[in-house]
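Residue numbers (my numbering): 562 to 929. Below is one structure, written out as structure tokens, with a few remarks after it.
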Amino acid sequence: MYDFIPDNPYILLTPGPLSTSKGVRNALLRDWCTWDDDYNKAIVQNIRRRLVALATTDTEQYTAVLMQGSGSFAVEACLGTAVPKTGKLLIITNGAYGKRMVEMTQVLGIDHSQIALAETVAPNVNAVEEALAKDTGITHVAFVHCETTTGMLNPLAELAHVVKAAGKVLIVDAMSSFGGMPMDIGTLGVDFLVSSANKCIQGVPGFGFVIAKRSELERCGDNARSLSLDLYGQWRAMDSSGKWRYTSPTHVVRAFYQALDELETEGGISARAARYRQNHRILVEGMRELGFKTLLPDEVQSPIITSFLYPNESFDFKLFYEAVKARGFVLYPGKISEAETFRIGNIGEVYPEDMRRLIDIMREVVGA
Ligand SMILES: Cc1ncc(COP(=O)(O)O)c(C=O)c1O
């Protein structure tokens with residue numbers, strides 16, 4: 562069907578940008594006018610509605626705002642707009658992306674405190690409850706759902722429960738999990754969820770999005786610390802006309818629309834999540850058979866990306882990486898300070914048969 566779209570030279574087993582379908586890459590090929598209804602009504606507004614419907618059944622209470630840039634821009638827009646000048650943000654960190662939120666609050670001048678955990682330690686719900694009880698000045702809480710640094714899945718439902726029971730506004734960076742794991746943010750009580758185009762929806766990079774509780778976003782009119790990253794301003798403009806305040810990444814947006822169609826064709830998030838889980842199971846079982854160990858115990862491991870420990874001191878990741886790449890798969894280096902690791906993602910246009918082929922290649926490369 563898309564014979565004229567070239568095959569990729571290798572499959573990306575990374576946390577995004579990831580391998581996309583030919584249909585998605587094909588959708589990049591035409592130009593759009595940003596004020597024409599063909600673009601803003603038929604594509605932008607449709608995407609916004611569909612994103613909300615993927616996030617919750619409570620569609621009336623939520624809205625979606627798209628924001629130019631990579632995922633970090635959307636996180637920064639969200640933090641900088643959601644927290645009022647008099648507010649205080651508690652950030653729970655156990656990896657690079659939690660720490661990035663702390664850096665953002667420092668640059669933006671947002672009052673904040675932190676529960677800073679080691680990269681292999683899962684947040685303790687009681688400790689969060691205590692921190693909230695102790696510091697009544699905290700108004701907002703933020704954490705990362707799947708901490709892509711290690712692949713750890715933080716306990717979204719449990720954390721959401723204590724944050725909402727304490728009456729705080731909840732911001733979740735679900736960058737690498739949204740679209741790849743079922744969740745209902747209305748039921749969970751999440752006020753702001755952030756993700757981006759090039760993760761589990763399987764689009765290409767160029768914008769992020771925030772799915773926000775309308776009643777919360779409505780209160781954020783005077784909060785923004787940046788003109789271009791004003792989530793409220795973007796929402797107001799986009800809600801009335803589908804227009805982005807400043808030039809939108811039209812081709813990327815059209816490709817994302819196609820990616821949403823393909824997600825629906827696959828059977829929605831539950832079907833995609835089942836494929837990712839199967840990819841992940843084949844990966845981990847195969848790697849363990851070859852003698853590799855996962856960094857994290859299975860109980861906290863996400864079905865998105867997995868960190869593997871170097872098998873011995875003489876292991877040369879660069880050589881290993883090049884050998885696997887020459888055979889059709891790109892892996893990802895580790896990102897943690899506590900151990901020598903590399904990572905393998907299993908999201909994107911990647912299927913169980915690809916993971917089986919990967920394991921055969923690994924066997925050949927390590928000579929097992
Ligand atoms: C959980 C999480 N948060 C934030 C980001 C930052 O996104 P970006 O690199 O697109 O700015 C990433 C990127 O992988 C991520 O995995």
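Built from N, CA and C at the ideal position, the CB exists for glycine as well.
* Asked: What residues in its chain sit with their C-beta under 7 angstroms from that of residue 903, if we drop five residues either side in the sequence?
  -> As a first step, residue 903 must be located in the sequence shown, where it is residue number 342. Taken in chain order, the residues that qualify are 869, 878, 892, 893, 894 and 895.
* Which residues in the same chain as residue 944 place their Cβ atom closer than 8 angstroms to its Cβ, once the five residues preceding and following it in sequence are excluded? -> The question about residue 944 has no answer, for the chain in this structure spans 562 to 929.
* To do: Tell me whether residue 780 is buried or exposed, calling it buried when 16 or more other Cβ atoms sit within 10 Å of its Cβ.
  => Your numbering for residue 780 matches position 219 in the sequence shown. Looking at its Cβ environment, which holds fewer than 16 other Cβ atoms inside 10 Å, residue 780 is exposed.
* Under the three-state reduction of DSSP, which class applies to residue 772: helix, strand or coil? -> Taking the sequence shown and counting its residues from 1, one reaches residue 772 at position 211. DSSP places residue 772 in strand when its eight states are reduced to three.
* Asked: Around the C-beta of residue 562, are 16 or more other C-beta atoms found within 10 angstroms, so that it is buried, or is it exposed?
  -> Looking up residue 562 in the sequence shown gives position 1. It counts as exposed.
* Asked: Should residue 730 be listed as close to ligand 1, given that the test is whether its C-beta is under 6 angstroms from any heavy atom?
  -> Residue 730 sits at position 169 when you count from the first residue of the sequence shown. Because no heavy atom of ligand 1 lies under 6 angstroms away, the Cβ of residue 730 does not count as near it: no.
* Report buried or exposed for residue 883, applying the criterion of at least 16 other Cβ atoms within 10 angstroms of its Cβ. => Position 322 of the sequence shown, counted from the start, is the residue given in the question as residue 883. Counting Cβ neighbours within 10 Å, residue 883 comes out exposed, since fewer than 16 surround it.
* Asked: Tell me the DSSP bridge mates of residue 899?
  -> Along the sequence shown, read from residue 1 onward, the residue named residue 899 stands at position 338. Partner(s): none; residue 899 has no beta bridge.
* Listed by chain order, which residues have C-beta atoms less than 5 angstroms from any heavy atom of ligand 1? -> 576, 631, 632, 633, 658, 705, 709, 734, 736 and 737
* Return the Cβ separation of residue 757 and residue 770 in integer angstroms, given the expectation that the two are a contact with Cβ distance under 8 angstroms. => As a position in the sequence shown, residue 757 is number 196, starting the count at 1. As a position in the sequence shown, residue 770 is number 209, starting the count at 1. So it is a contact: roughly 7 angstroms between Cβ atoms.
* residue 916 versus residue 840 - alpha carbon distance -> Translated into positions along the sequence shown, residue 916 becomes position 355. Translated into positions along the sequence shown, residue 840 becomes position 279. Going from the Cα of residue 916 to the Cα of residue 840 covers about 6 angstroms.
* Tell me whether the beta-carbon of residue 772 lies closer than 7 angstroms to the beta-carbon of residue 616. => Stepping through the sequence shown from its first residue, residue 772 is reached at position 211. Stepping through the sequence shown from its first residue, residue 616 is reached at position 55. Cβ atoms of residue 772 and residue 616: closer than 7 angstroms.
* Asked: Could you give the distance in angstroms between the alpha-carbon of residue 889 and the alpha-carbon of residue 720?
  -> By one-based count along the sequence shown, residue 889 stands at place 328. By one-based count along the sequence shown, residue 720 stands at place 159. About 39 angstroms.
* DSSP three-state call for residue 783: helix, strand or coil? -> For the purposes of this step, residue 783 is taken as the residue at position 222 of the sequence shown. Coil at residue 783, not helix or strand.
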